[in-house]
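Residue 2 is where the sequence shown starts when you use this note's numbering, and the numbers rise one by one after that.
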Amino acid sequence: MIESFGKPKVVFVGDRQVVPVCVISTKEVRRLMLEGYKAYLAHVIDVEKVNPTLEEIPVVRDFLEVFPDDLPGLPPHREVNFTIETLLGVAPISITPYKMAPVELQVLKKQLEELLKKGFVRPSTSPWGAPVLFVKKKDGSMRLCVSYRQLIG
């Protein structure tokens, strides 16, 4: 549906046939635009899509007891400390972290404060740290992602 101020609504209705998607490169789009072709960009999202509750997912419904409503925090301290041994002389990977927009930094700070308050994380430092970035989800909110690519090799 397309609405424009002072103009009638336009509603597109069709059957749900599978139509092959034609994908072209940015370079090809640029060339066509320079030749005078018109280009339109649309961002379409399903605003009515709702995330199901655990009870609505059939597989999960059978095992609800393994999905607690709230996690109490980090697991208790263990007798054995886990460490990763590295080769002698191997230095930590030094890469520039992902640049974040001020909005992303605020979201990161808020998420970290919530995780600290709930006891899911604790402050720590490591020369072997991994960069953190955010990926925008379909609903517009941000998902925290940690990139371990450089650490894994």
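We put the CB at the ideal spot given by N, CA and C, even for glycine.
Whether residue i touches residue j by CB criterion (9 Å)
i: valine 30; j: alanine 40; result: yes
i: lysine 119; j: leucine 72; result: yes
i: glutamate 57; j: leucine 65; result: no
i: leucine 117; j: leucine 145; result: no
i: lysine 137; j: aspartate 47; result: no
Classification of residue i by the beta-carbon crowding that lies within 10 angstroms, buried from 16 upward
i: phenylalanine 135; result: buried
Span of the alpha helix (DSSP H), counted from its first residue to its last, around residue i
i: methionine 101; result: Here methionine 101 belongs to no alpha helix (DSSP H), and DSSP marks it neither H nor E.
i: leucine 75; result: From DSSP, leucine 75 is part of no alpha helix (DSSP H); its letter is neither H nor E.
i: valine 30; result: 27-35
Unbroken beta strand (DSSP E) run spanning residue i, endpoints
i: arginine 123; result: Counting along the chain, arginine 123 falls outside any beta strand (DSSP E), and DSSP gives it neither H nor E.
Rounded Cβ spacing between residue i and residue j (contact assumed at less than 8 Å)
i: valine 114; j: methionine 143; result: Just to set this straight, residue 114 is glutamate in the shown sequence, not valine. So it is not a contact: roughly 15 Å between Cβ atoms.
i: phenylalanine 121; j: leucine 88; result: Actually they do not touch by this definition, with Cβ atoms about 32 Å apart.
i: valine 60; j: phenylalanine 68; result: Valine 60 to phenylalanine 68, Cβ: 11 Å. No contact.
If we require 4 or more residues per run, which alpha helix (DSSP H) segments fall completely within the segment 47-73? DSSP runs (the alpha helix (DSSP H)) wholly in the segment 47-73: 59-62.
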